[in-house]
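Down below is the structure, laid out as structure tokens.
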Amino acid sequence: MTVRALRGATQLDTDDAEHLLERTAELMTTVLDRNELTPDDVISIFLTATPDLRSAFPAVAVRRLGITDVPMMCAQEIAVSGALPRVVRLMAHVETTKPRSAMRHVYLHGTTVLRDDLADR
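In the numbering used here, the protein residues as written are 31 to 151.
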């Protein structure tokens, strides 16, 4: 098994706790599904939110999915002028036999502009 990092992001319509939790859960589920992974394959998850998101911790959404024994950390993105607003990002470290080129990064709800080169369409 090899350790690989997966990236992803999603944009929210509004800073509402349930909306943030729903979009973050969707993001995490999609990352796992597209890469044919299970929660047991996940080593750690780093989640960030733009400064305009204050309603909930994104890690709560992942824990609600039953991923409770994986180290997670939430942080705030730096406030860059003109940056895409209301975005939750994640970087998950996973164990897999797949090569780096087979990893499918996930950009949902308008976030493909963040990494058009990585976005899986």
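Ideal placement from N, C-alpha and C gives every residue a C-beta, glycine not left out.
Across which residues does DSSP place residue i in a beta bridge pair?
i    : result
A79  : Q106 and V118
G140 : Paired residue(s): none; G140 is not in a bridge.
R93  : In the DSSP output, where bridge partners are listed per residue, R93 has none listed.
Nearest-angstrom Cα distance between residue i and residue j?
i    : j    : result
D46  : R93  : 18 Å
D43  : V33  : 33 Å
E52  : P129 : 30 Å
M102 : T59  : 16 Å
H135 : E56  : 14 Å
T29  : V110 : Residue 29 is absent from the model: the chain starts at 31 and stops at 151.
A86  : I75  : 16 Å
T64  : D99  : The displayed chain sequence assigns Arg, not Thr, to residue 64. Going from the Cα of R64 to the Cα of D99 covers about 22 Å.
L77  : M133 : 18 Å
A79  : T126 : 27 Å
Q41  : G112 : 15 Å
Looking at chain B, is there any beta carbon in it that lies within less than 9 Å of the beta carbon of residue i?
i   : result
Q41 : The question asks about chain B, but that chain is absent: this structure has only one protein chain.
So, is residue i buried or exposed, given that buried needs 16 or more other C-beta atoms within 10 angstroms?
i    : result
G96  : exposed
V72  : buried
A89  : buried
A122 : buried
A105 : exposed
Just to confirm my understanding: we take residue i, look at its own chain, exclude 5 residues before and 5 after, and list those with CB closer than 6 Å. What are they?
i   : result
A39 : V117, R119, Y137, T141 and L144
Unbroken beta strand (DSSP E) runs of length 3 or more, entirely within the stretch 37 to 82: which are they?
72 to 79
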